[in-house]
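Residue numbers (my numbering): 20 to 307.
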Amino acid sequence: MSNPYADPSTDTLIRRALEEDLAGADDLTVASCVPADGRLDAVLSAKAAGVVCGVPLFAQVCEAVAPGTVQVEAVAADGDAVTPGTVVLRATGSARTILIAERTALNLMQRLSGSASVTRRYADTVAGTTAKVLDTRKTTPGLRLLEKHAVAVGGGVNHRMGLYDQVLIKENHIALMGASGPAEAVRRCRAAVGPDKIVQVEIEHLADLEPVIEASANMVLLDNMGPDLLREAVAIRGDRAVLLEASGGITMDTLRAVAETGVDRISVGALTHSVIALDLSLRCTVAG
């Protein structure tokens, strides 16, 4: 995965977030009571335990507000574990810039840190098994690169980035195959994309596993199957170079049992779609 902070989409996201807050006008509070030459020293720290992510965004948001007016020193890095009181970064410079940038920067950092934190808990739970925890495309529109980065720094693995980089045949695609089922969808996709693209297919019944493997699927998504069926799927796959992925309704309570079946991958939408933001706090003092 490329550096999400250097991607043009991140700059666009920051600009849009600031436009949402400012609507092309001034911050009325700052314009009314903050001197143009006022300067602040700021400390951003964690108020809860978790994994921090999005640290570079604070400086990027400040730069978008007013280039060159705030200096930021990162104390923690993406992927670092934090506890209440851990200092994440320090900043000094224009009071107006810091105060305008604060909420946009913290909104992004807290959400990304929430994803990184929950991913770390899932990754720790499957430690010692062969399974890896993966994200999905259930991301916040406009935040996909950053949210998938958060999953990666939390110890998870990224699934496909979008519709463009991998075939994933789901039940609604298979519905168009009639009686031919998922194996026919695999055959059509393989013929269309050639031998080098990854083709993954979702199945709901173990009877479809052997046919989709024979049709040259690289990965098979085992949808809403319990541990017994997952173990049976692993046995059917044997030593063939086909990855098996469990998905559907998997929670922290069931995760370890799923991982111990021998599947290679476990995809969890909650890593990005049901995130509780990590509480971060910015405290400022007048710069000396």
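The C-beta atom is built at its ideal place from N, Cα and C for all residues, glycine as well.
Which of helix, strand or coil DSSP assigns to residue i
i: Gly133; result: helix
i: Gln185; result: coil
i: Leu127; result: helix
i: Ala110; result: strand
i: Val71; result: coil
i: Asp99; result: coil
i: Val80; result: helix
i: Val294; result: coil
i: Glu229; result: helix
i: Val176; result: strand
i: Met20; result: coil
i: Lys167; result: helix
i: Glu279; result: coil
i: Val205; result: helix
i: Val212; result: helix
i: Thr158; result: coil
Cα-Cα separation, residue i to residue j
i: Leu309; j: Asp272; result: An answer regarding residue 309 cannot be provided, because it is not within the stretch 20 to 307 covered by the chain.
i: Ile285; j: Gly87; result: 44 angstroms
i: Gly147; j: Arg163; result: 29 angstroms
i: Ala260; j: Pro214; result: 14 angstroms
i: Ser199; j: Ala210; result: 16 angstroms
i: Ala150; j: Thr159; result: 26 angstroms
i: Val282; j: Asn243; result: 13 angstroms
i: Val152; j: Gly197; result: 32 angstroms
i: Arg302; j: Gly57; result: 16 angstroms
i: Pro246; j: Ala252; result: 10 angstroms
Those residues which DSSP pairs with residue i across a bridge
i: Lys151; result: Arg284
i: Gln90; result: Thr111
i: Arg58; result: Ser113
i: Leu301; result: Leu63
i: Ile269; result: DSSP lists no partner for Ile269.
i: Val220; result: Ile188, Val239
i: Glu264; result: Leu240, Arg284
Counted within 10 angstroms of its Cβ, other Cβ atoms place residue i as buried (16 or more) or exposed
i: Gly268; result: exposed
i: Met238; result: buried
i: Gln90; result: exposed
i: Glu264; result: buried
i: Arg256; result: buried
i: Ser64; result: buried
i: Val305; result: exposed
i: Thr31; result: exposed
i: Pro23; result: buried
i: Gly181; result: exposed
ask   = Do three or more CB pairs link the segment 84–104 to the segment 58–71 at distances below 8 angstroms?
value = Yes: at least three Cβ pairs fall under 8 angstroms.
task = Evaluate contact between the segment 126–133 and the segment 290–300, counting only Cβ atoms and requiring at least three cross-stretch pairs below 8 angstroms.
result = With three or more CB-CB distances shorter than 8 angstroms, the segment 126–133 counts as touching the segment 290–300.
message = Below 8 angstroms, how does it come out for the segment 192–204 and the segment 222–236: are there three or more Cβ pairs, yes or no?
response = Between the segment 192–204 and the segment 222–236, the count of C-beta pairs closer than 8 angstroms reaches three or more; the two stretches touch.
query = If you pair each beta-carbon of the segment 108–125 with each one of the segment 26–45, do three or more pairs fall below 8 angstroms?
reply = Three or more Cβ pairs drawn from the segment 108–125 and the segment 26–45 lie within less than 8 angstroms of each other, which places the two stretches in contact.
message = Under 8 angstroms: do the segment 103–111 and the segment 172–191 share three or more Cβ pairs, one atom per stretch?
response = Cβ pair count under 8 angstroms is below three, so no.
task = Taking 8 angstroms as the threshold, find out whether the segment 136–146 comes into contact with the segment 76–84 through three or more Cβ pairs.
result = Segments in contact, no.
ask   = Is there contact here, the segment 229–236 with the segment 201–217, by at least three beta-carbon pairs under 8 angstroms?
value = At 8 angstroms Cβ cutoff, the stretches touch.
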